[in-house]
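Participant: Here it is, the structure in full.
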Amino acid sequence: MLTQRIAQQSLRRLAASQPGLVSQSMAFKKFAAPAAIMGSSLQTRPITTQPMKPSDSYEILVAQRKNRPNSPHLTIYQPQIPWILSITNRITGSVLSGAFYIFGSAYLVAPLFGWHLDSASLAAAFGAWPVAAKVLTKFAFALPFTFHSFNGIRHFVWDSGKAFKNATVIKTGWVVMGLTGVSSLALALFL
Numbered sequence: 008m009l010t011q012r013i014a015q016q017s018l019r020r021l022a023a024s025q026p027g028l029v030s031q032s033m034a035f036k037k038f039a040a041p042a043a044i045m046g047s048s049l050q051t052r053p054i055t056t057q058p059m060k061p062s063d064s065y066e067i068l069v070a071q072r073k074n075r076p077n078s079p080h081l082t083i084y085q086p087q088i089p090w091i092l093s094i095t096n097r098i099t100g101s102v103l104s105g106a107f108y109i110f111g112s113a114y115l116v117a118p119l120f121g122w123h124l125d126s127a128s129l130a131a132a133f134g135a136w137p138v139a140a141k142v143l144t145k146f147a148f149a150l151p152f153t154f155h156s157f158n159g160i161r162h163f164v165w166d167s168g169k170a171f172k173n174a175t176v177i178k179t180g181w182v183v184m185g186l187t188g189v190s191s192l193a194l195a196l197f198l
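Going left to right, the sequence shown walks through residues 8 to 198 as my numbering numbers them.
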């Protein structure tokens, strides 16, 4: 590409200095753009520049960015089960992994700080709570776990190339929501 540009520029210079010689040549028409030659002189555009501080150029850039149109976001879309479940799956995955790492780290440093995070202490503390608090806590722990598990199975089915039609995605989404609610309540009430 560089050699093509060099050849084109040298042909243009030759055309500007000797227009009669080059205009008869067919090779010139093949390599150089004819619009760049006007009669016996090379066509040019005057360029004016001015010295500018970096801060001034940055201000111009900021002003230009303010004139750009904004891309529409979630405000223009009607909420649909596929993207709601997709966002919820990411959130529950983050919550579950974050809770796992926080509790695991606290469990490891508990002996250094005198915390009692062993199973017996946690079970005794949890057993002293009122029944409503126990059910709500178990439901709060069961909900993200069961949703992420069932939606993960749904994603594994998608990865196999099945159940990926729009109607099926919506149906399986509602199935995941129903299974999540039923299993979370069952875990909260009966365990």
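Even for Gly, the Cβ is constructed at its ideal location relative to N, Cα and C. None of the values given here were measured: they were computed from a predicted structure.
CB ASN158 to CB ASN96, shorter than 8 Å?
Facilitator: Cβ distance < 8 Å, so ASN158 and ASN96 count as in contact.
Participant: When burial is assigned at 16 or more other CB atoms within 10 Å of the CB, is HIS155 buried or exposed?
Facilitator: Per the 10 Å Cβ criterion, buried.
Participant: Which residues in the same chain as LEU194 place their Cβ atom closer than 8 Å to its Cβ, once the five residues preceding and following it in sequence are excluded?
Facilitator: Same-chain partners within the cutoff: LYS145, PHE146, ALA149, THR153.
Participant: Could you spell out the range, first to last residue, of the alpha helix (DSSP H) harbouring TYR108?
Facilitator: First-last of the alpha helix (DSSP H) with TYR108: 88 to 120.
Participant: Tell me, please, whether the stretch 173 to 187 touches the stretch 84 to 95 by the rule of three or more beta-carbon pairs shorter than 8 Å.
Facilitator: The stretch 173 to 187, when compared against the stretch 84 to 95, does touch it at the 8 Å Cβ threshold.
Participant: Applying the 10 Å Cβ sphere with the 16-neighbour rule, what's the burial state of PRO151?
Facilitator: Buried: at least 16 other Cβ atoms inside 10 Å.
Participant: Expressed to the nearest angstrom, what Euclidean distance is found between the alpha-carbon atoms of GLN16 and GLN25?
Facilitator: Looking at the two C-alpha atoms, the distance is approximately 14 Å.
Participant: Rounded to whole angstroms, what is the Cα-Cα separation between PRO53 and THR10?
Facilitator: Answer to the nearest angstrom: the Cα atoms are 26 Å apart.
Participant: Are the CB atoms of LEU103 and ALA113 nearer to each other than 8 Å?
Facilitator: No, they are not a contact pair.
Participant: Please state the DSSP three-state secondary structure of ILE54.
Facilitator: Note: ILE54 maps to coil in three-state DSSP.
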